[in-house]
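S.K.:
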Amino acid sequence: MNPDRSHQPTTPDHAPGTPPAEERRTVVPEGFFATKDPDGDPARADRSAREVFSEIYASAAWNWGDDTGFDETASRSGVGSDLVQTAVLRAELPGLVAALGVRTFLDLPCGDFFWMSRVELGVESYLGADVVPEVVERNRERFARPDREFLVLDLVRDPLPPADLVFSRDCLVHLSHDDVRGALDNVKRSGAKYLATTTFTERAANDDIETGGWRPLNLRVAPFHLPEPVHLINERCTEVYVVERGGEQVELRFADKSIGVWRVADL
Numbered sequence: 000m001n002p003d004r005s006h007q008p009t010t011p012d013h014a015p016g017t018p019p020a021e022e023r024r025t026v027v028p029e030g031f032f033a034t035k036d037p038d039g040d041p042a043r044a045d046r047s048a049r050e051v052f053s054e055i056y057a058s059a060a061w062n063w064g065d066d067t068g069f070d071e072t073a074s075r076s077g078v079g080s081d082l083v084q085t086a087v088l089r090a091e092l093p094g095l096v097a098a099l100g101v102r103t104f105l106d107l108p109c110g111d112f113f114w115m116s117r118v119e120l121g122v123e124s125y126l127g128a129d130v131v132p133e134v135v136e137r138n139r140e141r142f143a144r145p146d147r148e149f150l151v152l153d154l155v156r157d158p159l160p161p162a163d164l165v166f167s168r169d170c171l172v173h174l175s176h177d178d179v180r181g182a183l184d185n186v187k188r189s190g191a192k193y194l195a196t197t198t199f200t201e202r203a204a205n206d207d208i209e210t211g212g213w214r215p216l217n218l219r220v221a222p223f224h225l226p227e228p229v230h231l232i233n234e235r236c237t238e239v240y241v242v243e244r245g246g247e248q249v250e251l252r253f254a255d256k257s258i259g260v261w262r263v264a265d266l
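Numbering (numbering that gives the first Met the number 0), first residue to last: 0 to 266.
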């Protein structure tokens, strides 16, 4: 069996064991979609990822209220890491890992390990890493076991430990274009076989941002131009972001949000 074709792409209408979920509306704070300002504050642009994301976690900046009764204490990584938005991945990751023959799984960033703690991947070694030291220490206290280790790592700048698969969900979408390139180069240097990461397949163009912001990112278009992934899992995202534009509320949907899997040799 060819491991690169044994796990077929999942479409929104074919997610095994996962019933359709209702849309989850979230009023997004002003400035969340801000693009990079070439005349912006240099001190802000020069802050390290550790400083940026430590501040976000400490302030719970991603834990927005919404009108669906979302429990804000569920995950400090925000609504996208709750049990609704991760249902497809929790169902499909073990099969993907088995099909690829993954023994060592590097999850970077692992965040607070909220949803992943409910997945038995069937690997010999799980390495969860995050750039925020406090998050890693909390994970060590709550979730560490002989086959599960937590590390402080910066995906862009730190040497990565050996792994068959680097899993990086909802990370590159928060990085500037330069940092995305740095992360991809770092994964290539690591010797990993596969990279699994978030991509928005219908996005026609990518906006640049300051690291710590957010935008949907399609890794197959400029400036990244990655090849077709060997696997694609559509997450069946039901998040709806409500933003103010021109004095009116606009609803943004992300039904194309997916995990793409690439051979690192092809990056």
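No residue lacks a Cβ here, since even glycine has one placed at the ideal position from N, Cα and C.
Taking just the CA atoms, how far does Ser47 sit from Asp157?
M.R.: One C-alpha to the other measures close to 12 Å.
S.K.: What residue from Leu225, Val83 and Glu91 has the CA that sits closest to Ala264's CA?
M.R.: Cα-wise, what sits closest to Ala264 is Leu225.
S.K.: Which same chain residues, not among the five before or five after Arg188, have their C-beta less than 8 Å away from its C-beta?
M.R.: Hits under 8 Å: Pro158 and Leu159.
S.K.: Distance, Cα to Cα, Thr197 vs Phe166?
M.R.: About 9 Å.
S.K.: Could you pull out every residue in the same chain whose Cβ sits closer than 6 Å to the Cβ of Leu183, ignoring the five residues on either side in sequence?
M.R.: Cβ within range, chain order: Leu266.
S.K.: In chain order, which continuous runs of the beta strand (DSSP E) of length 3 or greater are located wholly inside the segment 146 to 230?
M.R.: The segment 146 to 230 contains these whole beta strand (DSSP E) runs: 147 to 151, 164 to 167 and 193 to 199.
S.K.: Of the choices Arg23, Leu88, Glu238 and Phe149, whose alpha-carbon is the least far from that of Arg117?
M.R.: It is Leu88 whose Cα lies nearest to the Cα of Arg117.
S.K.: Evaluate Asp163 with the Cβ neighbour count: other Cβ atoms within 10 Å of its Cβ, from every protein chain shown; 16 or more gives buried, anything less gives exposed.
M.R.: It is buried - the Cβ of Asp163 has at least 16 other Cβ atoms within 10 Å.
S.K.: Rounded to whole angstroms, what's the CA-CA distance from Phe191 to Glu247? Just pull it up for me.
M.R.: One point to set straight first is that residue 191 is Ala, not Phe, in the sequence displayed. Each residue's alpha carbon lies about 46 Å from the other.
S.K.: Taking only runs that begin and end inside the segment 109 to 151, name each unbroken alpha helix (DSSP H) of 4 or more residues, in chain order.
M.R.: Here the runs fully enclosed are 132 to 142.
S.K.: Roughly how many whole angstroms lie between the Cα atoms of Ala86 and Leu120?
M.R.: Using only the alpha carbons, I get a separation of about 14 Å.
S.K.: Which class does Gly94 belong to by DSSP, given the choice of helix, strand or coil?
M.R.: Helix at Gly94.
S.K.: With DSSP run on the structure shown, which of helix, strand or coil describes Phe104?
M.R.: Phe104: strand per DSSP, three-state reduction.
S.K.: Would you mind sorting Thr34 into buried or exposed? The rule is 16 or more other CB atoms within 10 Å of its CB.
M.R.: Exposed is the call here.
S.K.: Along the beta strand (DSSP E) that carries Leu251, what are the first and last residues, could you check?
M.R.: Run containing Leu251: Glu247 to Arg252, per the beta strand (DSSP E) assignment.
S.K.: Report the residue from Leu150, Pro161 and Phe112 whose alpha carbon sits nearest the alpha carbon of Thr103.
M.R.: It is Pro161 whose Cα lies nearest to the Cα of Thr103.
S.K.: State the DSSP-derived secondary structure class of Arg24, mapped to helix, strand or coil.
M.R.: Residue state, collapsed to three classes: strand.
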